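Take a look at the structure set out below.
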Amino acid sequence: GVPVVLAKSFARIFYRNAFNIGMPALTLDTDQIAQGDELEVDLKRSLVRDLTKGKEFRVGAIPEVMLAILGEGGIVEFVRKHGDLVFR
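Take the sequence shown: its position 64, counting from 1, is numbered 204 in the numbering used here, and each next residue is one higher.
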């Protein structure tokens with residue numbers, strides 16, 4: 141699986157740095173999730189599924205550029221691959 145951080149809120153710097161290293165940080169009411177629950181995350185649809193309890197939770201939409209950064213594994217790899225397009 142892919143690591144992801146779920147929390148009620150994040151400091152802005154943590155949120156941005158998490159995406160920069162290729163780790164999604166999603167805001168969610170975590171009171172409804174218990175330790176040991178098996179979760180499935182669909183970043184493109186902004187959904188977290190609790191497979192243990194059969195529930196779905198909507199999370200805030202992730203901007204396309206952030207999804208692209210995640211898709212490359214973080215900002216460093218994104219710039220290595222797309223830097224010539226980004227810095228024109």
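For each residue, glycine too, the CB sits at the ideal point set by N, CA and C.
Quick caveat: nothing in here was measured; it's all calculated off a predicted structure.
According to the DSSP assignment, R189 belongs to the beta strand (DSSP E) that extends over 187-190. Cβ contact annotation for A165 (same chain, cutoff 6 Å, sequence separation greater than five): V145, F150, Y155, A158, in chain order. Only residues of its own chain outside the window of five on either side were considered, and among them V181, E196, F197, R198, V199 have a CB closer than 8 Å to the CB of L187, listed in chain order. Straight across, the Cα-Cα distance linking R152 with T167 is about 12 Å. Counted as a single uninterrupted DSSP element, the stretch harbouring A201 is not any beta strand (DSSP E), since DSSP gives it neither H nor E.
E217 sits away from G176, with the two beta carbons spaced by 9 Å or more. The residues Q172, I173, D177, E178, L179, E196, F197, in chain order, have a CB closer than 8 Å to that of D190 in the same chain once the five nearest residues on each side in sequence are set aside. Per DSSP, the unbroken beta strand (DSSP E) holding A147 starts and ends at 145-147. Counting along the chain, no alpha helix (DSSP H) covers A165; the unbroken beta strand (DSSP E) around it starts and ends at 165-167.
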